[in-house]
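A quick write-up on the structure given underneath.
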Amino acid sequence: MQLFIFLLCFLSYGADDSHDLDVSVSGFPSDKGQVYVGLFNKSEDFAVRGKQFKGKVATIEGKKAIVHFENLPTGNYAVASFHDKNKNGYMDKNAFGLPLESYGFSNQARGTLGPPSFSDAKFRIEDDRKIEIRLK
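Right, here's the structure in full:
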């Protein structure tokens, strides 16, 4: 019986495959509005509205925002964020489809005529982690 309890404890040690991620977003011109932060874990879903693995909305204080994601399994992720100045829930665009509100991605990745690729923005989570995104 003691061997069974020992093995049960031994096998369960380190089996917790959940990690936390803190995303610090900066580059806001003011504290007006809110920031949307989407966490993606599939390349085909990256930066597609409504396809995020997890998403959060945060207030801006001191021209910065911090978003906390919990219980993330080990894996590859990418983050897309934007400053929703007027709190309408959408990234406003001009007549040509170009963004009128600031946005940013993990790894400070940039795309050409669209969002960057998942591979350019991805990072690996194996432990608790903090990343920074600067909006442009």
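Take any residue in the sequence shown, count from 1 to its spot, add 1251: that is its number in our numbering. Glycine residues also receive a C-beta, built at the ideal position from the N, C-alpha and C atoms. Here the structure is a predicted model, which means the values were calculated and not measured.
Assigned with DSSP and collapsed to three states, Asp1379 falls in coil, not helix or strand. When secondary structure is reduced to three states using DSSP, Gln1285 falls in the strand class. Here Asp1296 carries a helix assignment [DSSP, helix/strand/coil]. Per the coordinates, the alpha-carbon of Ser1294 lies some 9 Å from the alpha-carbon of Tyr1328. An exposed status is given to His1319, since fewer than 16 other beta-carbon atoms sit within 10 Å of its beta-carbon. Just so you know, the alpha carbons of Gly1301 and Ala1331 end up roughly 12 Å apart. Checking the DSSP bridge columns, you'll see Glu1352 has no partner listed.
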